[in-house]
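Trainee: Quick one: the structure is below, and I'll ask about it shortly.
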Amino acid sequence: MRSLAALAIALASVLALAAPASPGQSAKLERRVVLEGTVVLELNRVRVAHGLTVLRVSPGLRAAARGHSRSMLERGFFGHDSADRTAFSDRIRRHYTSRGWRMWSVGEALLASEGREVDAHAIVAAWLGSPPHREIILSPTWRDEGIGALYAPTAPNEYGGAATIVVTADFGLREGKISLS
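The sequence shown begins at 20 in the working numbering and counts up one residue at a time.
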């Protein structure tokens, strides 16, 4: 009987957490960690198939990508520049610094998909179908990557209140470590 009561309390807690946001409240965003990982695998699979090196996951690029996906869903916009018009390279530089490196470069690919689910293969296929994104993904320049995938049950403004997943892929290169005095 106690385990039944504990199960009922646990179920009530889950249902309370899953309750929709009230009209004046923004819906809670959900990180899609598994999707992030499968996008990394799919990007590297495609790169290897094209004779390119596997990219390493960079915590800094991942933080930049997650932050940008979050901002786009919370503020209801879609674009490489930040909502405050900060260029994407300056936004990424806050997390993936150029300080102390002779060579530094970054690139980015974005995707927004209506609904609760999208798979990594479809995301990468969409990017490969776009010439500028294909060029970024298949560039031999990159050494590092970070993926940020977030879901909003109701995304504002540009997304029209629809359930939406936004995926940001940030790519980077840092070479030639210099000593700073």
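Cβ coordinates follow ideal geometry from the N, Cα and C atoms, glycine included.
Note that the structure is a prediction, hence the values are computed from the model and not measured.
If distances are taken between C-alpha atoms only, which option among Val76, Leu71, Ala128 and Tyr115 comes closest to isoleucine 97?
Mentor: The sequence as given places phenylalanine at residue 97; isoleucine does not occur at that position. It is Ala128.
Trainee: Here's the rule I'm using: 16 or more other beta-carbon atoms within 10 Å means buried, otherwise exposed. How should methionine 122 be labelled?
Mentor: exposed
Trainee: Measuring straight from C-alpha to C-alpha, what distance separates phenylalanine 107 and arginine 94?
Mentor: 16 Å
Trainee: Can you give me the C-alpha to C-alpha distance between methionine 91 and histidine 69, rounded to a whole angstrom?
Mentor: A direct Cα-Cα distance of roughly 31 Å separates methionine 91 from histidine 69.
Trainee: Identify whether tyrosine 178 lies in helix, strand or coil by the three-state DSSP scheme.
Mentor: DSSP places tyrosine 178 in helix when its eight states are reduced to three.
Trainee: What three-state label does DSSP hand leucine 48 in the structure shown?
Mentor: coil
Trainee: With serine 77 and glycine 165 assumed to form a contact (beta carbons below 8 Å), what rounded beta-carbon distance in angstroms separates them?
Mentor: 5 Å
Trainee: What does a CB cutoff of less than 8 Å around tryptophan 120 pick up in its chain, not counting 5 residues either side in sequence?
Mentor: Shown here for tryptophan 120: same chain residues with a beta carbon closer than 8 Å to its own, the five before and five after excluded, namely Arg193, Glu194, Gly195, Lys196 and Ile197 in chain order.
Trainee: For the putative contact between alanine 139 and leucine 60, defined by C-beta atoms under 8 Å, what is the C-beta separation to the nearest angstrom?
Mentor: 7 Å
Trainee: Can you tell me whether DSSP reads isoleucine 88 as helix, strand or coil?
Mentor: A small fix is needed here, since residue 88 is serine in this sequence, not isoleucine. Helix, per DSSP.
Trainee: Just list the residues that DSSP pairs glutamate 61 with in beta bridges.
Mentor: For glutamate 61, which the question treats as bridged, DSSP gives no partner whatsoever.
Trainee: Mind reading off the beta-carbon distance from aspartate 163 to glycine 191? Whole number of angstroms is fine, and I expect it under 8 Å.
Mentor: 4 Å
Trainee: Measuring only the C-alpha atoms, how far is arginine 64 from arginine 85?
Mentor: Their backbone Cα atoms lie some 22 Å apart in a straight line.
Trainee: Which ranges would you report for the beta strand (DSSP E) in the segment 103-174 if only whole runs of at least 3 residues count?
Mentor: 120-133 and 163-171
Trainee: Does the distance from the C-beta atom of valine 73 to that of valine 67 stay below 8 Å?
Mentor: yes
Trainee: Note the first and the last residue of the continuous beta strand (DSSP E) segment covering glycine 191.
Mentor: 183-196
Trainee: So, is glutamate 136 buried or exposed, given that buried needs 16 or more other C-beta atoms within 10 angstroms?
Mentor: Counting Cβ neighbours within 10 Å, glutamate 136 comes out exposed, since fewer than 16 surround it.
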